[in-house]
Structures are given as C-alpha cells and as structure tokens.
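Residue numbers (this note's numbering): 1257 to 1703. Here is the structure we will look at.
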C-alpha cells in the first residue's frame, strides 16, 4: 500500500469534513422522515449550479452556494405545490420535482460550452486531485476544497446550535411548535437550503454519490443505536469519520489484492458506509433486527411467566380457602402447559425463571406459588380485572372480548397506570364477571 500524507491526508480530511457537514443536517432529514428529500436536493441543485455559472461565468463556490440555496428553497416550494395541486403523496411529488430538476441541470450543463464543468465530476467527484488547487494560509498551503468544506461544517454547526430548541420541537412535534410560535416553515426552508449548499460544496471533491450516502447513512445508523438526540448526533459524526477513514484506506489497498490499479476513494467511502448500515440493520442496539428479536423473545418469556402466575392465582382462588397454603395448590407441568396451550419445554423454561426469582417452588414434579409469588400474582390479576372494569364502563368492547383485551394490556401496565385505573374506575371491588378484584395492600416484588 502506497501512502503519502501530503495527498492521502488531505483526501481523508476532505472526506471527513464532507461527512460531518452532511451528518449535521442529515439527522434532521432522517428524524423528519425526509431522507428522500436529501437525495432529491442533491440532484436538484444542478440547475442552480448551471444557472450561477451562466449568469456570472465563474466557478466560485460562493456563487454556486447562492444558486444552490435558491434552488433548494425553490425545490421545497415546488414539492409542496405539486403535492397540493396534484393531490398526491409527498414521495410522489418529490420524485416528480427532483427528476425534472436533475434532467434540467444535466441539459443546462451539457449545453453551456464556455463553462468548464464536467457532468461526471458532479456525479463522481475528483477527490484525488484536490491537492492541485491550494490556497495560502498561516498554516501553509491548504487545498481550497478543504477550506470550503471546513467553512460549510462550521456554518451547519452554527445553524444547528443557534436553532437547536426550535429544531427539536419542530422535528418531534411540529403542531405544538407552530402553536408556540416556532417558525416551522422557515426551518423547513432553512434545512433545504443547508442541504443544497452542503451538496454544492461537496460536489467538486466527492461527487453526488458520496454526498447522498453521507446525508442519510450515518444518521440512519445512529438512529438504530440510540433514542437520544444528542447521542444520535455524536454517533452520526463518528460513523461519518470512520466511513471516511476506512473507505479511503480500502480504496488504496484493496484493489491491488485483486489486480486492479485503483478505486475511487469517494465511492469506496459510500460503499463502507453502506456496509456499516447493513451491519446496523442487523446488530443495532435499539432497532437492529437481532436485538429486536432478542427483546421480543424476552418479552414473550416474561408474558408467559406472568400468565403462569395468574393461572396459579386463579387456581388458588377456585379453592375458596381462607388461608393460602402453597403445598395445597400445586399444579403439574402437563396441566400448566395444556391450560396455557404452550409446549412443555417452553413452559419449563418460564418456570425455571420464576423459581430463580423465588416466586415458584417445585417438589415431586409439582409446582406451587411461594408467598412472594402469590403477592406478585395478586397484582397481575388485580391489573387484569381493573382493565376489564374500565373497558366495560368506558368503551364499546363486547363482553366476550373483554378478557382477551385486558389480558394483553395487563402485561404493559405500570404501577402508576394501575393506580390511575383504580381511581378512574371509582375503586371497584368486582369485575364485570362478578369476580373479586384483589386489593393492592402489599407492594409487588421485583416490578
């Protein structure tokens, strides 16, 4: 692997700055479910670039930024217009606008002969040659693209920091934000302008493909890893940095192993970010498929364990004894499994968990509640019957469905909600079927 910091170092830094600039605005695109708009704007800014060149005859990034900002706001306005006039979904309106704008931009760039602009450069970038165009700074010669991307990062960070509270409120509850006087429409246009300007600044170095990847992928991966906005920003920035470093490293080392001369660095950064996204889809700690499957298994096991406790309580209740004696109310594994319609191995696993919590005991092939398990079961049955009473009084659910509905709700009811149910229902003592609602005299253990 041939590595020269004078070249590769600047290439990596440019990729990192591009990734950070894109991730800063990409988080709000993902949270607002506007990922497609990021792709749309990255294509739609082409007419703005072409128009600015046509009017001013200059490739100055500041002229391009002006055109991109205007075209970004115009694109959002056109999307809203098409959606309103055509009465179509937003995604369809986005598709109509961005394909038309992209086609217009390609035609304009191809027809403007006196402007030195290659359409392929806009699509694929030219990261390998950024060191050929430098500017003098107190720190020495620095590629102009790095300075431009650095300024864009600072501008995006400043926009996020200044309007942070407005961004949060309008992103998670736009109706409340508008009611409190937050300029929701202004923020939408500002976001579009920031995305468009970030795309234009990045095009010359990394091209459209990497920009689209960096706008969406780091933020999407971060969304799968955390539920907190601050953490989402942190992880998205880290993923953007890692994608840039790994992508460039692979681009200059991997092709030689397969007999190729080279690979496009920006394209490889996009590939690496895509691989990270695939890994996050399966392994993400909050929304990854594997962890969702594990959490679902845990939840189903907990629900079965609670159903077993409730079964034991109803069995004790059916005996109509004055004092609870565990040994006199034992059940066999076969009876528990048949009553709950579960296989014996599954029930046995749930019983083992209850034994570990000292809520169930076993002797001679029979299973029975402990005193602690009885109190836990009492709370579960109380919750179930409070829900039945509430649903009977406050909803139109038919009596045959009350039990099944309450059985689903009882597993997700907190102690605060259970207390509220009792207060709202007026402290009932019997459920709609005439069965006594157990008192909550003793706090449940372990809940």
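We put the CB at the ideal spot given by N, CA and C, even for glycine.
So, with DSSP's three-state summary, where would you put residue i?
| i | result |
| --- | --- |
| residue 1617 | strand |
| residue 1391 | strand |
| residue 1632 | helix |
| residue 1627 | helix |
| residue 1622 | strand |
| residue 1329 | helix |
| residue 1363 | helix |
| residue 1782 | Since the first and last residues shown for the chain are 1257 and 1703, residue 1782 lies out of range. |
| residue 1522 | helix |
| residue 1652 | coil |
| residue 1296 | helix |
| residue 1290 | coil |
| residue 1702 | Low confidence applies here, because residue 1702 scores a pLDDT of 40, under 50, leaving its location unreliable; read the following figure in that light. Correct three-state label for residue 1702: coil. |
| residue 1355 | helix |
Near residue i, what residues of its chain come up, given a Cβ to Cβ distance below 7 Å and the 5 sequence neighbours on each side ignored?
| i | result |
| --- | --- |
| residue 1308 | 1319, 1320, 1322, 1323 |
| residue 1526 | 1465, 1466, 1469 |
| residue 1658 | 1644, 1647, 1648, 1688 |
| residue 1633 | 1565, 1566, 1568, 1569, 1625 |
| residue 1266 | 1386, 1387, 1399, 1402 |
| residue 1412 | 1277, 1280, 1281, 1450, 1454 |
| residue 1705 | This structure does not reach residue 1705, given that the chain is present from 1257 up to 1703, and the question cannot be answered. |
| residue 1684 | 1645, 1693 |
What span of residues does the alpha helix (DSSP H) with residue i cover, start to end?
| i | result |
| --- | --- |
| residue 1677 | 1671-1680 |
| residue 1282 | 1266-1287 |
| residue 1479 | 1440-1481 |
| residue 1552 | 1545-1575 |
| residue 1304 | 1302-1312 |
| residue 1687 | Neither: residue 1687 is in no alpha helix (DSSP H) and is coded neither H nor E. |
| residue 1605 | 1600-1612 |
| residue 1589 | 1589-1596 |
From residue i to residue j, what distance separates their C-alpha atoms?
| i | j | result |
| --- | --- | --- |
| residue 1687 | residue 1589 | 29 Å |
| residue 1702 | residue 1610 | At residue 1702 the pLDDT is 40, less than 50, meaning the model places this residue with poor confidence and gives no usable figure here. |
| residue 1428 | residue 1288 | 8 Å |
| residue 1468 | residue 1271 | 13 Å |
| residue 1360 | residue 1278 | 24 Å |
| residue 1390 | residue 1400 | 5 Å |
| residue 1419 | residue 1425 | 10 Å |
| residue 1292 | residue 1342 | 19 Å |
| residue 1563 | residue 1612 | 17 Å |
| residue 1447 | residue 1680 | 45 Å |
| residue 1492 | residue 1443 | 21 Å |
| residue 1596 | residue 1547 | 27 Å |
| residue 1699 | residue 1489 | Confidence at residue 1699 is low in this model, with a pLDDT of 41, below 50, so the placement of that residue should be treated as unreliable; the coordinate-derived value is given next. Straight-line Cα distance between these residues: approximately 41 Å. |
| residue 1571 | residue 1498 | 58 Å |
| residue 1535 | residue 1478 | 12 Å |
| residue 1339 | residue 1345 | 6 Å |
| residue 1586 | residue 1614 | 15 Å |
| residue 1435 | residue 1676 | 29 Å |
| residue 1353 | residue 1452 | 14 Å |
| residue 1601 | residue 1628 | 24 Å |
| residue 1397 | residue 1263 | 12 Å |
| residue 1333 | residue 1351 | 14 Å |
| residue 1298 | residue 1422 | 25 Å |
| residue 1554 | residue 1325 | 49 Å |
| residue 1337 | residue 1395 | 48 Å |
| residue 1415 | residue 1552 | 40 Å |
Return the chain-ordered list of same chain residues with a C-beta closer than 6 Å to the C-beta of residue i, the five sequence neighbours on each side being excluded.
| i | result |
| --- | --- |
| residue 1524 | 1503, 1506, 1507 |
| residue 1669 | 1639 |
| residue 1665 | 1643 |
| residue 1462 | 1274, 1381, 1383, 1522 |
| residue 1440 | 1426, 1430, 1433, 1434 |
What do you reckon, are the CB atoms on residue i and residue j nearer than 8 Å?
| i | j | result |
| --- | --- | --- |
| residue 1347 | residue 1300 | no |
| residue 1530 | residue 1473 | yes |
| residue 1274 | residue 1410 | no |
| residue 1560 | residue 1591 | no |
| residue 1521 | residue 1383 | yes |
| residue 1304 | residue 1449 | no |
| residue 1541 | residue 1481 | yes |
| residue 1641 | residue 1691 | yes |
| residue 1268 | residue 1500 | yes |
| residue 1475 | residue 1286 | yes |
| residue 1471 | residue 1294 | yes |
| residue 1737 | residue 1550 | Coverage of the chain is limited to positions 1257 through 1703, which leaves residue 1737 absent and any answer about it impossible. |
| residue 1623 | residue 1636 | no |
By Cβ distance below 8 Å, which residues in the same chain neighbour residue i in space, the five residues on each side in sequence not counted?
| i | result |
| --- | --- |
| residue 1302 | 1357, 1358, 1360, 1361, 1362, 1364, 1365, 1378 |
| residue 1604 | 1589 |
| residue 1558 | 1667 |
Output the boundary residues of the beta strand (DSSP E) element that contains residue i.
| i | result |
| --- | --- |
| residue 1396 | 1396-1399 |
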